[in-house]
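Notes follow the structure.
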Amino acid sequence: MADFTQTLMTAVAIGSLYALIALGYTMVYGILKFINFAHSDIVVLGAWISYTTSRWLLPYFGVDFSVSAADRPLPPLWIAPVILIISMLTCGIIGFVIERLAYRPLRRAPRLNVLITAIGVSLLLQNLGQLHFLFGTSPQTMPILLPNWELASFTFGSGESASRVVISFVDTMIFATSATLMLVLEYLVFRTKLGTAMRAVSFNTDTAALMGIPVDRVISFTFVLGSMLAAAAGFLQVMKYPLNQPAHTVWVLLGLKAFVAAVIGGIGNVRGAVLGGFVIAFVEQFGAFYISSQYRDVYVFALLIGILLVKPTGLLGSPLREKV
Amino acid sequence: MPLLSITDLSVSYGSIQALRGISLHVDEGEIVTLIGGNGAGKSTTLRTISGLLSPRSGTIEFDGHMIQGQPPHGIAQSRLIHVPEGRGIFANLTVEENLQLGAYFRHDKAAIRADRERALTLFPRVHERLQQQAGTLSGGEQQMLAIARALLARPKLLMLDEPSLGLAPQIVQTIFQVIREINQEGTTILLVEQNASMALQVAHRAYVLEVGSIQMEGDAKQLAASDDVRKAYLGAH
Chain B
9 MADFTQTLMT
19 AVAIGSLYAL
29 IALGYTMVYG
39 ILKFINFAHS
49 DIVVLGAWIS
59 YTTSRWLLPY
69 FGVDFSVSAA
79 DRPLPPLWIA
89 PVILIISMLT
99 CGIIGFVIER
109 LAYRPLRRAP
119 RLNVLITAIG
129 VSLLLQNLGQ
139 LHFLFGTSPQ
149 TMPILLPNWE
159 LASFTFGSGE
169 SASRVVISFV
179 DTMIFATSAT
189 LMLVLEYLVF
199 RTKLGTAMRA
209 VSFNTDTAAL
219 MGIPVDRVIS
229 FTFVLGSMLA
239 AAAGFLQVMK
249 YPLNQPAHTV
259 WVLLGLKAFV
269 AAVIGGIGNV
279 RGAVLGGFVI
289 AFVEQFGAFY
299 ISSQYRDVYV
309 FALLIGILLV
319 KPTGLLGSPL
329 REKV
Chain V
383 MPLLSITDLS
393 VSYGSIQALR
403 GISLHVDEGE
413 IVTLIGGNGA
423 GKSTTLRTIS
433 GLLSPRSGTI
443 EFDGHMIQGQ
453 PPHGIAQSRL
463 IHVPEGRGIF
473 ANLTVEENLQ
483 LGAYFRHDKA
493 AIRADRERAL
503 TLFPRVHERL
513 QQQAGTLSGG
523 EQQMLAIARA
533 LLARPKLLML
543 DEPSLGLAPQ
553 IVQTIFQVIR
563 EINQEGTTIL
573 LVEQNASMAL
583 QVAHRAYVLE
593 VGSIQMEGDA
603 KQLAASDDVR
613 KAYLGAH
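Residue numbers (the working numbering), protein chains in the order written: chain B, 9 to 332; chain V, 383 to 619.
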């Protein structure tokens with residue numbers, strides 16, 4: 009029971025990360041009908057910007073990086089949201105610039121050209137990031153921003169076999185932050201004029217333009233939103249796992265699984281991306297715990313194949329619309 | 383001065399020339415119809431006027447401004463509204479959301495509300511279905527929604543592409559009745575139709591387009607009476 013609860017909590021935390029990233033994939037696909045392969049690099053960028061900002065900001069609050077991590081004082085609690093916001097804003101701007109320079113000139117080009125460009129942008133970001141005056145090639149440890157408080161703990165069983173499950177502050181904040189961002193996005197997409205325009209553009213770009221909707225601006229906005237969510241995911245990831253790797257397989261897999269989440273949920277569907285994120289995290293975490301952790305990636309991709317065989321449009325995806 | 387005037391407009395799809403230097407004009411308060419067979423270039427004309435296609439040569443002047451080469455959303459914002467063929471309904475949005483998008487670029491809330499009321503009075507069937515997904519509407523209802531939505535932009539010129547396409551005769555009657563009403567209230571209309579007899583009944587003037595050029599033009603009643611038009615488009619023998 010303790011194991012089950014612990015796994016459940018990890019799955020919820022990881023699932024919300026997948027969901028945040030999957031939202032960026034699915035929004036861009038919904039509007040431009042291509043997979044933005046550079047999206048996972050924005051996640052890494054978000055993590056590295058969080059790291060760099062922390063290194064720069066924390067000494068002003070008495071954190072001395074020359075002593076060992078255990079002897080450093082904690083920065084004030086509000087530093088974490090500040091760094092999150094800096095990272096999100098920076099990535100939002102970068103997302104805007106990427107769309108403007110790399111994708112907009114290809115608006116009328118075949119999908120394949122845009123797809124290859126996206127791979128190019130991804131490689132560019134990966135290699136730029138490893139330049140020594142940017143983030144370098146060695147892994148860095150993210151400074152601790154949040155205290156390791158235990159918000160609650162449960163004990164299952166008694167005596168020798170008793171085991172304790174802890175609800176940690178960090179996990180709770182990961183979930184709370186992701187949930188807040190997703191609710192904001194939900195409100196934006198389904199309750200505002202701009203969100204209605206986004207959905208209209210995703211259904212038919214030309215007709216949306218005939219309504220006087222500035223399509224290019226809506227697309228830019230979509231990229232900014234997606235990149236900000238990706239940055240948040242990068243920040244939350246290094247809150248949970250502080251070892252910050254440059255373009256490492258951890259990141260590649262995180263991005264890839266989030267993409268799988270978007271496909272499983274039904275690519276182009278905002279609620280599907282969230283659902284897919286959690287489904288994948290549950291399958292991965294429970295599979296890893298109850299079957300074998302060696303195959304944790306296998307479960308995810310096996311699930312993808314299974315769902316594509318049964319429902320090729322994903323869980324919440326609608327079949328290709330017919331032209332009447 | 384005409385509200386819309388097109389001079390020597392040519393459009394190509396790759397090496398295929400779709401419009402070969404057509405000229406036409408629409409005066410304020412008129413209903414002008416553009417009739418012609420399949421592939422004559424009727425839709426191409428409208429798509430070029432609204433900015434979805436770029437002309438190879440020629441000029442389009444609307445309300446005193448040259449608009450050729452402008453982006454479609456800019457042209458729409460100057461209140462030249464195009465209801466495309468196949469209605470252009472956003473099936474993934476509700477009927478209400480579709481309507482609101484018609485007024486996307488407007489900020490005069492009170493006037494928008496008044497225009498919405500007016501549009502819904504013209505189309506009571508749209509009114510009954512405001513909360514429904516637009517994709518669940520019947521073809522006729524979708525066409526009504528498309529016109530109602532266009533009215534929310536308070537158009538100076540309303541361009542309708544095949545509003546009768548695929549609809550039952552009774553619904554076509556309703557829609558043409560509304561087109562007439564909208565026009566009597568002061569909206570200028572450029573109507574593209576394959577249903578030439580309906581179009582010529584409602585229009586003041588007409589142009590006959592064949593293979594990318596204008597073959598005939600003139601008073602709608604006179605054209606409807608001419609032998610050539612009756613043979614080619616009205617099914618007379």
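Glycine is no exception: its CB is placed at the ideal position from the N, C-alpha and C atoms.
Look at the alpha carbon of residue i and the alpha carbon of residue j, and state the distance between them as a whole number of angstroms.
i: B:GLY165; j: B:TYR303; result: 30 Å
i: B:GLY295; j: B:GLY234; result: 29 Å
i: B:SER76; j: B:ALA184; result: 30 Å
i: V:MET383; j: V:ARG536; result: 21 Å
i: B:THR13; j: B:VAL173; result: 7 Å
i: B:ASP11; j: B:THR18; result: 11 Å
i: V:GLY451; j: V:GLN459; result: 15 Å
i: B:GLU330; j: V:GLU599; result: Bear in mind that a pLDDT of 40 at B:GLU330, under 50, signals an unreliable position, so the number given afterwards is only what the model happens to contain. If you take the alpha carbons of B:GLU330 and V:GLU599, they lie about 37 Å apart.
i: V:GLY440; j: V:ARG531; result: 30 Å
i: V:GLY521; j: B:ALA216; result: 20 Å
i: V:ILE449; j: B:GLY220; result: 14 Å
i: B:ILE57; j: B:ILE39; result: 28 Å
i: V:TYR589; j: V:LEU386; result: 14 Å
i: B:LEU196; j: B:PHE243; result: 22 Å
i: B:ILE124; j: V:GLN555; result: 51 Å
i: B:PHE104; j: B:LEU237; result: 13 Å
For residue i and chain B, any beta-carbon pair shorter than 9 Å?
i: V:ALA535; result: yes
i: V:ALA458; result: yes
i: V:ILE529; result: no
i: V:GLY484; result: yes
i: V:GLY403; result: no
i: V:ILE463; result: yes
i: V:GLY470; result: yes
i: V:HIS447; result: no
i: V:LEU434; result: yes
i: V:PRO453; result: yes
Going by DSSP in three states, residue i sits in which element: helix, strand or coil?
i: V:ASP601; result: strand
i: B:LYS331; result: Confidence in B:LYS331 is poor, its pLDDT being 37 and thus under 50, which makes the residue's placement too unreliable to answer from.
i: V:HIS509; result: helix
i: B:ARG279; result: helix
i: V:MET448; result: strand
i: V:SER436; result: coil
i: B:LEU316; result: helix
i: V:ASP409; result: coil
i: B:THR156; result: One detail in the question is off: residue 156 of chain B reads as Asn in this sequence, not Thr. Here B:ASN156 sits in coil by DSSP.
i: V:ASP390; result: strand
i: V:GLY403; result: strand
i: B:THR230; result: helix
i: V:ILE442; result: strand
Going by DSSP, what residues sit across from residue i in a beta bridge?
i: V:VAL465; result: V:LEU542
i: V:LEU572; result: V:VAL414, V:MET541
i: V:TYR589; result: V:LEU416, V:GLU599
Does residue i get closer than 9 Å to chain V when you measure Cβ to Cβ?
i: B:ALA208; result: yes
i: B:LYS201; result: yes
i: B:ILE221; result: yes
i: B:THR34; result: no
i: B:THR215; result: yes
Inspect the beta-carbon positions of residue i and residue j and report whether they are closer than 9 Å.
i: V:ILE553; j: V:GLN525; result: yes
i: B:LEU25; j: B:SER186; result: yes
i: V:GLN515; j: V:LEU475; result: yes
i: V:LEU428; j: V:LEU416; result: yes
i: V:TYR615; j: V:GLY418; result: yes
i: V:THR342; j: V:VAL408; result: The first residue shown for chain V is 383 and the last is 619, placing residue 342 of chain V beyond what the model contains.
i: V:VAL393; j: V:SER436; result: yes
i: B:LEU153; j: B:SER62; result: yes
i: V:LEU539; j: V:ILE442; result: no
i: B:ILE333; j: B:ALA205; result: The displayed coordinates of chain B run from 9 to 332. Any statement about residue 333 of chain B would go beyond what the structure contains.
i: B:VAL287; j: B:LEU262; result: no
Using a Cβ cut-off of 8 Å, pull out every chain A residue sitting near residue i, in sequence order please.
i: V:LEU475; result: No chain A appears in this structure, whose protein chains are B and V.
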